[in-house]
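Presented below is the structure to which this report refers.
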Amino acid sequence: MELTLFIIVGAIALISAALMLIGENAVYSALFLILNLLCIAFLFLMLSAPFLAMVQITVYTGAIMVLFLFVIMLLGAERIVPTVQSRFRWLAPAVVIMALVFLVTVSVALINGEITKTEPRKAEPQVRVVHALDGLASLDMYLDGEPVAQDVQFSAVTGFAPWRAGEYELTIFEAGADPASADALLDQPVTIERGKAYSLTAIGRVGAPGARLVAATHTLDFSDKKDGLRLVVVNALPGRASVDVRDEVYDEVLVSALAYGEAHEFELSKGERDVALYTTGSQRTPVSELPKQALDANTLVLWVFAEQRQPDNSFTDVVISLQDKAPTSFGSPTHIGRLLFTDYVLPFELVALLLLVAMIGAIVLTHDSQAPRQTVERRLANPPPGLEQSAPGETGD
Amino acid sequence: MGSSEVAVELYVLLSAVLFIMGAMGVVLRRNAILVFMSVELMLNAANLALAAFARQWASGSGHLVVFFVMTVAAAEVAVGLALIVTIFRTKKSIDIDTVHMFKG
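In order, the protein sequences belong to chains A and B. Residue numbers are given in our numbering: position 76 of the first sequence equals residue 76, and the series is strictly consecutive. Numbering-wise, our numbering comes out as the position in the second sequence, counting from 1, plus 397.
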């Protein structure tokens with residue numbers, strides 16, 4: 001399906017480029033170039049680059065081509081037929097030979113090259129902090145001594161932040177503690193890989209043996225399933241060795257026998273669901289309930305089932321339920337904007353400067369200093385007969 | 398990576414063919430405006446290859462380079478068309494074969 005679309009759009013692009021090159025009338029050539037640029041904008045969309053496609057249409061087919069058409073009309077240059085033979089007649093065969101050599105080189109590189117043999121790189125890893133550690137008001141989390149998030153309140157979740165892939169020592173401290181001198185409340189090694197989003201979750205009860213850190217993992221890949229979503233469930237109930245997560249409406253077991261401290265990732269189709277948590281084996285009274293969960297497509301959903309000790313020593317259930325847009329929507333304006341203002345600020349400024357210089361240059365070049373005295377010269381498109389002494393390439397109309 | 402996606406090689410091949418067509422236009426056409434439009438075609442062919450490789454490597458940098466190429470193309474068009482207008486004023490022609498002397 002997509003291949004058919006590619007062949008059709010690619011063929012239109014090639015035909016319009018050829019018609020642009022052989023056209024005698026410059027206006028038709030410009031219009032064929034616009035068609036070609038629109039085809040390329042369409043191909044950008046197929047390459048999951050919607051922002052580039054829109055910029056292509058507004059900047060290229062909008063601004064630049066309008067400027068071209070304007071200059072063609074201004075100069076009256078739409079029908080320029082060379083009157084004299086070119087002195088470079090050997091160019092045509094030379095160019096054809098060079099084009100063939102180039103095409104063969106590219107084809108050989110594509111056939112023998114390592115373009116698709118190498119594994120494609122995956123999306124940048126993302127991390128966030130989830131605080132489900134009972135008995136601690138707020139915490140700071142560090143990866144190899146570098147702060148991930150600070151002063152995270154109980155049952156709060158921070159936003160996803162990009163992180164470098166690698167192996168790290170994950171530590172948490174009471175909020176405000178100095179990581180150099182204070183003792184870590186919990187520490188655990190974690191491996192952060194590309195193409196995954198990590199919810200670094202602190203679970204259990206402070207001081208109790210069950211307290212630990214869990215790296216709940218979302219896979220960042222939505223290329224196959226367009227209306228699905230990815231769910232991660234974490235069992236953070238120290239008193240429950242094993243739980244089941246059930247969908248009450250469809251009477252379907254979503255996760256079975258999830259042990260304490262484990263995270264399970266699975267895919268689900270979008271829709272509204274009533275979810276309940278049971279002790280494994282029992283179906284009588286739910287431990288915890290999550291009614292009317294509206295689940296959208298292309299999101300990352302996190303459910304952490306935890307509990308909190310009250311002053312009277314009873315426990316209340318705490319369910320951390322969170323739904324995020326997939327953090328790396330590759331090629332989106334947000335993604336490009338973030339890159340533009342972080343890694344590419346200097347090139348961005350330089351390009352802005354270049355545009356300013358080009359604007360001044362265009363004004364200087366076209367500024368006619370003799371304009372007030374020789375008003376006849378300004379009507380370039382239709383010069384009066386007296387001025388038309390030697391114009392070899394121009395026919396006028 | 399889904400199996401339905403078009404292979405990156407096809408995009409690069411299309412881009413190479415468009416690039417060659419643009420290069421032929423630059424060398425063989427004698428109308429300065431058409432030469433200029435062929436340069437735009439070459440830039441776009443390069444952009445297409447960049448976007449294809451950006452998808453292959455899931456890297457936003459490719460998109461950024463395309464963005465910068467578009468900006469530079471806009472600047473180039475502004476100056477280039479101003480030059481063409483100036484040359485037309487002095488030579489009364491935009492046939493590039495007649496523009497072989499620095500003398501105005």
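Note that the Cβ used here is the ideal one computed from N, Cα and C, for glycine as well.
Residue of the options minimising C-alpha distance to residue i
| i | options | result |
| --- | --- | --- |
| asparagine 441 of chain B | B/Lys488, B/Val482, B/Ala471 and B/Leu480 | B/Ala471 |
| leucine 447 of chain B | B/Leu438, B/Val436 and B/Val462 | B/Val462 |
| phenylalanine 465 of chain B | A/Asp244, A/Gly337 and A/Pro311 | A/Gly337 |
| glycine 419 of chain B | A/Phe102, A/Glu267, A/Ala53 and A/Ile8 | A/Phe102 |
| phenylalanine 88 of chain A | B/Asp494, B/Ser490 and B/Thr487 | B/Asp494 |
| aspartate 274 of chain A | A/Glu265, A/Glu267, A/His264 and A/Pro286 | A/Pro286 |
| leucine 254 of chain A | A/Gly271, A/Tyr260, A/Leu277 and A/Ala241 | A/Leu277 |
| valine 482 of chain B | A/Pro93, A/Val71 and A/Val96 | A/Val71 |
| aspartate 343 of chain A | B/Met434, B/Ser458, B/Asp492 and B/Leu478 | B/Ser458 |
| glutamine 323 of chain A | A/Gly271, A/Met359, A/Ile15 and A/Ile8 | A/Gly271 |
| glutamine 310 of chain A | A/Ala362, A/Leu91, A/Arg205 and A/Ala259 | A/Arg205 |
| glutamate 248 of chain A | A/Gly239, A/Phe266 and A/Leu290 | A/Leu290 |
| glycine 331 of chain A | B/Trp454, B/Asp492, B/Lys489 and B/Gly477 | B/Trp454 |
| serine 155 of chain A | A/Gln308, A/Asp178 and A/Ile22 | A/Gln308 |
| leucine 170 of chain A | A/Met46, A/Asp144 and A/Ala149 | A/Asp144 |
Residue i CB to nearest heavy atom of the ligand MN below 8 Å
| i | result |
| --- | --- |
| serine 138 of chain A | In the structure on display, the ligand MN does not appear, and there are no ligands present to speak of. |
Residue i burial status per 10 Å Cβ neighbour count (16 or more: buried)
| i | result |
| --- | --- |
| valine 157 of chain A | buried |
| leucine 3 of chain A | exposed |
| tyrosine 60 of chain A | buried |
| leucine 346 of chain A | exposed |
| glycine 501 of chain B | For glycine 501 of chain B, the pLDDT reaches just 49, beneath the cut-off of 50, and the residue's location in the model is therefore unreliable, although a value from the coordinates is still provided. Exposed, since its Cβ has fewer than 16 Cβ neighbours within 10 Å. |
| serine 282 of chain A | exposed |
| aspartate 134 of chain A | buried |
| histidine 131 of chain A | buried |
| proline 125 of chain A | buried |
| lysine 325 of chain A | exposed |
| asparagine 36 of chain A | buried |
| tyrosine 250 of chain A | exposed |
| leucine 431 of chain B | buried |
| aspartate 224 of chain A | Annotation note: pLDDT 46 at aspartate 224 of chain A (below 50); position unreliable, no value reported. |
| alanine 63 of chain A | exposed |
| asparagine 444 of chain B | buried |
| threonine 334 of chain A | exposed |
| methionine 20 of chain A | buried |
| lysine 292 of chain A | exposed |
| alanine 413 of chain B | buried |
Local conformation of residue i per DSSP, three classes
| i | result |
| --- | --- |
| asparagine 298 of chain A | coil |
| glutamine 453 of chain B | helix |
| aspartate 134 of chain A | strand |
| leucine 185 of chain A | coil |
| glutamate 2 of chain A | helix |
| tyrosine 344 of chain A | coil |
| threonine 217 of chain A | strand |
| threonine 280 of chain A | coil |
| aspartate 488 of chain B | Per the sequence presented here, residue 488 of chain B reads as lysine, with aspartate not at that position. Lysine 488 of chain B falls in the helix class under three-state DSSP. |
| alanine 420 of chain B | helix |
| proline 209 of chain A | coil |
| aspartate 151 of chain A | strand |
| leucine 237 of chain A | coil |
| glutamine 56 of chain A | helix |
| asparagine 112 of chain A | helix |
| alanine 161 of chain A | strand |
| serine 256 of chain A | strand |
| glutamate 146 of chain A | strand |
| glycine 228 of chain A | strand |
| serine 314 of chain A | coil |
Proximal chain B residues relative to residue i, where beta-carbon distance stays under 8 Å
| i | result |
| --- | --- |
| glycine 10 of chain A | Leu407 and Leu411 |
| valine 95 of chain A | Ala420, Met421, Val424 and Leu425 |
Within chain A, partners of residue i - CB distance below 7 Å
| i | result |
| --- | --- |
| threonine 468 of chain B | Val351 and Leu355 |
| methionine 434 of chain B | Met20, Ser29, Ala30, Leu33 and Phe68 |
| threonine 483 of chain B | Leu365 and Thr366 |
Amino acids of chain B, ordered along the chain, whose beta-carbon sits closer than 7 Å to that of residue i
| i | result |
| --- | --- |
| methionine 359 of chain A | Ala475 |
| arginine 309 of chain A | In chain order: nothing, as chain B lies at least about 44 Å away. |
| arginine 273 of chain A | Going along chain B, no residue has its Cβ under 7 Å from arginine 273 of chain A, so there is no contact; the nearest lies around 26 Å. |
| phenylalanine 44 of chain A | Ala448 |
| alanine 92 of chain A | Leu425 |
| leucine 340 of chain A | Leu461 |
Beta-carbon neighbours of residue i, restricted to chain B and to distances below 9 Å
| i | result |
| --- | --- |
| alanine 123 of chain A | Ala455 |
Under 9 Å by beta carbon: chain A residues contacting residue i
| i | result |
| --- | --- |
| alanine 443 of chain B | The premise fails here: alanine 443 of chain B is roughly 11 Å from chain A at the closest Cβ pair, so nothing lies under 9 Å. |
Chain C contact residues for residue i, given Cβ-Cβ distances below 9 Å
| i | result |
| --- | --- |
| methionine 54 of chain A | Absence of chain C from the displayed structure is noted, the protein chains being A and B. |
**Message:** Measuring CB atoms only, is the segment 21-29 of chain A touching the segment 305-317 of chain A, in the sense that at least three cross pairs come out at less than 8 Å?
**Reply:** no
**Message:** With a threshold of 8 Å, are at least 3 pairs of Cβ atoms found where one atom belongs to the segment 288-303 of chain A and the other to the segment 227-237 of chain A?
**Reply:** yes
**Message:** Would the segment 420-427 of chain B count as touching the segment 404-411 of chain B if we require 3 or more Cβ pairs under 8 Å?
**Reply:** no
**Prompt:** Taking contact to mean at least 3 C-beta pairs separated by less than 8 Å, is the segment 185-199 of chain A in contact with the segment 209-223 of chain A?
**Reply:** yes
**Prompt:** Between the segment 91-106 of chain A and the segment 195-210 of chain A, do three or more beta carbon pairs fall short of 8 Å?
**Reply:** no
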